[in-house]
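Student: Same order as they appear, the protein sequences are chains Z and C. Going by my numbering, the final residue of the first sequence carries number 641, and the count climbs one at a time with no gaps. Going by my numbering, the final residue of the second sequence carries number 641, and the count climbs one at a time with no gaps. Where a beta carbon is used, it is the ideal one built from N, C-alpha and C, also for glycine. Since this is a predicted model, take the numbers as computed values, not measurements. Structure in structure tokens, see below.
Number of protein chains: 2
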Amino acid sequence: MAAGRKRAPSIKDVARKAGVSVSTVSRYLNGGRNLSEGKRKVIAEAVEDLNYRPNTIARALVSNEFQSIAVIATDISLYGSMQLLQGIELAARRRHYLVTVTLVGNGHEKVKETVDQLIQNRPVGCIILDVERSSLLHSFAGYIAQSLPTVIVDEADLASGSLRVGAYEGGYQITKYLLRLGHKTVFHVSIPEDDKKFTRCLGWRRALEEAGAPIEEPLPCTWDFRKAEQIGRYLCSFPEITAIFAGNDEVAAGVIRGILLEGKKVPEDVSVAGFDGNPIGEVTVPSITTWRQNFQGIGAKAVERLAHWPDSDDQPETKGVDGTHKASEEEELDLDQLQQSRAMGDEQISSRLIIRESTAPPQSGHGR
Amino acid sequence: MAAGRKRAPSIKDVARKAGVSVSTVSRYLNGGRNLSEGKRKVIAEAVEDLNYRPNTIARALVSNEFQSIAVIATDISLYGSMQLLQGIELAARRRHYLVTVTLVGNGHEKVKETVDQLIQNRPVGCIILDVERSSLLHSFAGYIAQSLPTVIVDEADLASGSLRVGAYEGGYQITKYLLRLGHKTVFHVSIPEDDKKFTRCLGWRRALEEAGAPIEEPLPCTWDFRKAEQIGRYLCSFPEITAIFAGNDEVAAGVIRGILLEGKKVPEDVSVAGFDGNPIGEVTVPSITTWRQNFQGIGAKAVERLAHWPDSDDQPETKGVDGTHKASEEEELDLDQLQQSRAMGDEQISSRLIIRESTAPPQSGHGR
DNA sequence: CTGAAAGCGCTTACAG
DNA sequence: CTGAAAGCGCTTACAG
Chain Z
274 MAAGRKRAPS
284 IKDVARKAGV
294 SVSTVSRYLN
304 GGRNLSEGKR
314 KVIAEAVEDL
324 NYRPNTIARA
334 LVSNEFQSIA
344 VIATDISLYG
354 SMQLLQGIEL
364 AARRRHYLVT
374 VTLVGNGHEK
384 VKETVDQLIQ
394 NRPVGCIILD
404 VERSSLLHSF
414 AGYIAQSLPT
424 VIVDEADLAS
434 GSLRVGAYEG
444 GYQITKYLLR
454 LGHKTVFHVS
464 IPEDDKKFTR
474 CLGWRRALEE
484 AGAPIEEPLP
494 CTWDFRKAEQ
504 IGRYLCSFPE
514 ITAIFAGNDE
524 VAAGVIRGIL
534 LEGKKVPEDV
544 SVAGFDGNPI
554 GEVTVPSITT
564 WRQNFQGIGA
574 KAVERLAHWP
584 DSDDQPETKG
594 VDGTHKASEE
604 EELDLDQLQQ
614 SRAMGDEQIS
624 SRLIIRESTA
634 PPQSGHGR
Chain C
274 MAAGRKRAPS
284 IKDVARKAGV
294 SVSTVSRYLN
304 GGRNLSEGKR
314 KVIAEAVEDL
324 NYRPNTIARA
334 LVSNEFQSIA
344 VIATDISLYG
354 SMQLLQGIEL
364 AARRRHYLVT
374 VTLVGNGHEK
384 VKETVDQLIQ
394 NRPVGCIILD
404 VERSSLLHSF
414 AGYIAQSLPT
424 VIVDEADLAS
434 GSLRVGAYEG
444 GYQITKYLLR
454 LGHKTVFHVS
464 IPEDDKKFTR
474 CLGWRRALEE
484 AGAPIEEPLP
494 CTWDFRKAEQ
504 IGRYLCSFPE
514 ITAIFAGNDE
524 VAAGVIRGIL
534 LEGKKVPEDV
544 SVAGFDGNPI
554 GEVTVPSITT
564 WRQNFQGIGA
574 KAVERLAHWP
584 DSDDQPETKG
594 VDGTHKASEE
604 EELDLDQLQQ
614 SRAMGDEQIS
624 SRLIIRESTA
634 PPQSGHGR
């Protein structure tokens with residue numbers, strides 16, 4: 274098996290061709306300190322002639338580190354995860370890291386095995402892409418973090434250990450915006466897993482609390498957007514609902530469709546806002562008001578976090594314990610801490626409200 | 274640098290703990306032929322106790338093959354590429370391959386360098402994801418194929434060397450469907466790069482030719498879907514246009530929006546069909562008729578292709594020349610060959626027309 | 001069935 | 001500034 278492939282030229286070939294020792298070639302390859310101009314030139318030529326590239330695998334073996342970043346996710350087909358992944362790749366490329374992607378289904382299969390194998394690949398670090406806030410992934414975060422620098426990117430809006438996508442902020446802002454428009458309250462159709470702590474849903478709730486507006490329990494949608502359509506229709510039976518905040522733009526589209534199908538108008542009869550900033554929202558009818566998240570920027574941040582992980586370079590003995598559990602501190606954070614860390618502007622990432630056609634002040638006579 | 278990380282238990286540790294030689298442990302790890310029950314048991318225990326996992330990097334060094342599949346793309350944020358990637362990952366996982374993703378921008382930067390580095394990683398094979406049919410990527414395909422088993426997945430509907438996404442077929446079918454509805458002809462709004470050979474655009478053209486319908490040059494859209502909206506508006510100035518086939522579902526949404534904004538109706542005044550089967554088309558108003566492509570299935574096929582690459586296993590001396598240039602044979606294929614290979618049912622993948630609200634027979638009085 | 005040895009391609013001290 | 005040697009963690013013949 275395997276075998277067969279023709280071996281590429283090795284450092285030995287270069288050394289022979291250049292008439293120097295392997296160590297000298299190695300020195301040349303690694304910055305070339307302490308190297309005479311003569312050798313440098315002759316080696317350069319040999320490298321050129323042979324079209325030699327150092328074997329990354331061999332390097333990884335001795336350094337015990339493969340220049341790569343392992344991305345673990347349950348699904349990458351959502352708009353957010355994709356953008357995140359793309360942002361990660363772009364940033365990784367700049368640092369000459371290879372990015373690796375591994376999907377771990379929610380069917381608990383042999384996740385442990387998969388994860389163990391991943392760790393054996395000795396990546397520089399691991400990014401857990403958990404846009405869906407899958408409990409599966411979160412439960413493995415700690416385990417992974419024991420062996421690898423790990424950062425979690427999820428919906429959560431938390432301060433340490435994981436990067437916040439700003440969903441809390443977004444939920445809060447979009448709800449305030451709707452309230453400012455004159456709506457008495459805002460109804461929420463949540464995406465799966467979105468009713469946990471620190472998410473867009475929490476932001477929505479907080480905005481309503483602050484305004485003293487009535488709070489109805491959110492209706493959960495699924496990743497099948499036709500469910501959103503059903504919800505939209507259903508919601509039409511409550512004339513007092515004049516504003517809906519949907520968990521993402523696709524759900525918003527579905528809800529809008531449901532409403533239109535019932536013969537009501539958006540935004541005249543009811544305003545609907547989405548979330549994420551999916552470009553599709555620009556071209557639907559009506560176009561969809563949304564909260565744009567800078568996914569690519571966040572992905573890049575995650576990579577930088579890993580690249581600057583406190584390690585033997587910076588703080589020789591700090592690694593391990595210190596870095597290890599950050600990822601799970603999430604559980605202990607509360608909103609106040611959150612507010613505070615936000616105030617400190619740490620990890621702030623540009624995101625913003627995009628107002629389009631699907632939202633407007635309530636029609637007079639409506640609202641309750 | 275690098276350093277610092279605590280080394281995981283090695284095969285040596287296992288050998289010591291089990292009281293056997295390293296070779297014996299290795300034998301155990303690789304299937305365990307010629308191993309006494311006693312040793313087997315004691316080694317199993319040692320492995321368990323130490324939570325030992327073989328170092329994939331070391332293995333890769335000796336076998337000269339890292340159990341991974343390298344995916345190269347210019348962009349993975351389109352619906353199609355994402356699904357493809359996800360399909361690749363799923364199939365790769367079954368075979369215990371790691372998948373690696375590399376984006377090469379269209380800005381010709383240091384693509385060569387990036388690609389060379391990728392090759393040094395010794396993946397099992399390479400999948401070029403070229404949904405956009407970037408000439409950049411295609412120009413590197415041959416180069417990569419010289420060192421690695423390579424398969425190209427693109428819009429093309431070709432037989433050998435690259436997997437067909439069935440776009441030709443789709444364009445053909447969707448156009449015929451529109452024609453059958455009674456439209457005199459079908460206008461095409463193409464996605465970037467889609468006016469090349471063997472694509473949905475070609476299928477569209479062929480269907481019109483067969484029907485003897487008038488053929489207008491397609492209007493090219495960009496990846497910015499607001500451009501599609503402009504096109505939609507523009508197209509309204511031609512009342513003879515009653516049916517439009519858009520290059521993908523997002524473009525279709527944009528075109529529809531443009532038409533609606535002009536005060537016309539879809540599908541009453543003009544029918545609009547999309548392409549790809551993006552779920553978003555289910556919840557727009559109107560919902561969008563489309564051609565569903567089985568992206569995940571195609572991704573999986575690509576992986577299998579690589580896994581079964583004729584190599585030292587199957588045909589010891591065939592590799593190299595044989596596998597190498599398949600990828601570029603594309604250029605020589607013509608439609609007849611295409612038809613033929615399709616007839617042979619090779620690489621056939623389930624795709625189908627999905628009829629929704631955005632298409633209907635032309636209103637009487639319209640059509641020309 | 002089992003072990004000692006060599007080697008994969010590189011880097012890292014260690015001597016000159 | 002330069003080279004010989006050892007070693008990273010495994011696998012693969014080669015002897016027993």
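Would Ala580/Z and Gly360/Z qualify as a contact pair, given that the criterion is a beta-carbon distance under 9 Å?
Tutor: no
Student: Nearest CA to the CA of Glu338/C: which residue from Ser560/C, Arg453/C, Ile401/C and Leu421/C?
Tutor: Comparing Cα positions, the closest option is Leu421/C.
Student: Inspect the beta-carbon positions of His456/Z and Glu489/Z and report whether they are closer than 9 Å.
Tutor: no
Student: Using 9 Å as the threshold, is the C-beta distance between Leu481/Z and Ser544/Z below it?
Tutor: no
Student: Report yes if the CB atom of Val558/Z is closer than 9 Å to the CB atom of Val459/C, and no otherwise.
Tutor: no
Student: Could you have a look at Ser299/Z and say whether DSSP puts it in helix, strand or coil?
Tutor: helix
Student: By DSSP, does Ala546/C sit in helix, in strand, or in coil?
Tutor: If DSSP states are grouped into helix, strand and coil, Ala546/C belongs with the strands.
Student: For chain C, is any of its Cβ atoms less than 9 Å away from the one on Val374/Z?
Tutor: yes
Student: Can you tell me the Cα-Cα spacing of Arg289/C and Asn303/C, whole angstroms?
Tutor: Cα-Cα distance, rounded: 18 Å.
Student: Check whether chain Z comes within 9 Å of Pro327/C, counting only Cβ atoms and requiring the distance to be less than that.
Tutor: yes
Student: Does the region 386 to 396 of chain Z come close enough to the region 346 to 365 of chain Z that 3 or more CB-CB pairs lie under 8 Å?
Tutor: As far as the Cβ criterion goes, the region 346 to 365 of chain Z does not touch the region 386 to 396 of chain Z, which means the pair count is below three.
Student: Can the beta-carbon of Arg530/Z be found closer than 9 Å to that of Gly547/Z?
Tutor: no
Student: Under DSSP, the alpha helix (DSSP H) around Phe518/Z begins and ends at which residues?
Tutor: No alpha helix (DSSP H) contains Phe518/Z, which is instead part of the beta strand (DSSP E) from Ala516 to Ala519.
Student: Under 9 Å Cβ-Cβ, which residues of chain C neighbour Glu502/Z?
Tutor: Glu555 and Val556
Student: Report yes or no: is there a C-beta of chain Z within less than 9 Å of the C-beta of Gly403/C?
Tutor: Reading off the sequence, residue 403/C comes out as Asp, not Gly. False, the Cβ-Cβ gap to chain Z never drops below 9 Å.
Student: The region 328 to 351 of chain C: which residues have C-beta closer than 7 Å to a C-beta of chain Z, in chain order?
Tutor: Of all residues in the region 328 to 351 of chain C, Asn328, Thr329, Ile330, Ala331, Ala333, Leu334, Ser336, Asn337, Glu338, Phe339, Ile349 and Ser350 have a Cβ within less than 7 Å of some Cβ in chain Z.
Student: Closer than 9 Å, CB to CB, is Ser420/Z near chain C or not?
Tutor: Yes, because at least one Cβ of chain C sits closer than 9 Å to the Cβ of Ser420/Z.
Student: Assuming Val293/C and Lys312/C are in contact, meaning their beta carbons sit under 8 Å apart, how far apart are those beta carbons, in whole angstroms?
Tutor: The C-beta distance from Val293/C to Lys312/C rounds to 6 Å, short enough to meet the 8 Å contact threshold.
Student: Go through its chain and collect everything with a Cβ distance to Arg320/Z's Cβ below 7 Å, but skip five positions before and after it.
Tutor: The question names Arg, but residue 320/Z in the sequence shown is Val. Cβ neighbours of Val320/Z beyond the five flanking positions: Val287.
Student: Helix or strand or just coil, what does DSSP make of Val424/Z?
Tutor: strand
Student: Which whole-angstrom value describes the C-beta separation of Ile401/C and Val426/C, a residue pair presumed to lie in contact below a C-beta threshold of 8 Å?
Tutor: 7 Å
Student: So, helix, strand or coil for Phe339/C, using DSSP?
Tutor: Phe339/C falls in the strand class under three-state DSSP.
Student: Pick out whichever of Tyr450/C, Gln390/C and Gln566/C has its Cα sitting closest to the Cα of Ile628/C.
Tutor: Tyr450/C
Student: Taking 9 Å as the threshold (beta carbon to beta carbon), is Thr387/Z in contact with chain C?
Tutor: yes
Student: Can you tell me whether DSSP reads Gly398/C as helix, strand or coil?
Tutor: strand
Student: Identify, in the order they occur along the chain, each residue of the same chain with its Cβ nearer than 8 Å to the Cβ of Ile342/Z, setting aside the five sequence neighbours on each side.
Tutor: Ile361, Ala365, Tyr370, Leu371, Val372, Thr373, Pro396, Val397, Gly398, Cys399, Ile400, Val576 and Leu579
Student: Quick one: give me the first and last residue of the alpha helix (DSSP H) that Ser354/C is part of.
Tutor: Unbroken alpha helix (DSSP H) run through Ser354/C: Tyr352 to Arg367.
Student: Given a cut-off of 9 Å on the beta-carbon distance, is the pair Glu318/C and Ala291/C in contact?
Tutor: A contact, by the Cβ cut-off of 9 Å.
Student: Need the endpoints of the alpha helix (DSSP H) that Trp582/Z sits in, please.
Tutor: Unbroken run through Trp582/Z: none, as it is neither H nor E.
Student: Using three-state DSSP, classify Phe511/C as helix, strand or coil.
Tutor: Coil at Phe511/C, not helix or strand.
Student: Less than 9 Å between the C-beta atoms of Glu535/C and Cys509/C, yes or no?
Tutor: Taking 9 Å as the cut-off, the beta carbon of Glu535/C is found closer than this to the beta carbon of Cys509/C.
Student: Going by DSSP, what residues sit across from Val524/Z in a beta bridge?
Tutor: DSSP lists no partner for Val524/Z.
Student: Apart from the five residues on each side of it in sequence, which residues of its chain come closer than 6 Å, Cβ to Cβ, to Ala484/C?
Tutor: Leu452
Student: Report the start-end ranges of each beta strand (DSSP E) in the region 432 to 503 of chain Z that is 3 residues or longer and not cut off at the edges.
Tutor: Counting whole runs of 3 or more residues, the region 432 to 503 of chain Z contains the beta strand (DSSP E) stretches 435 to 437 and 460 to 463.
Student: Does DSSP put Met617/Z in a helix, in a strand, or in coil?
Tutor: With a pLDDT of only 37 at Met617/Z, under the threshold of 50, the placement of this residue in the model should not be trusted, and no figure is reported.
Student: Considering just the uninterrupted stretch of the alpha helix (DSSP H) at Thr387/Z, what are its terminal residues?
Tutor: Val384 to Gln393
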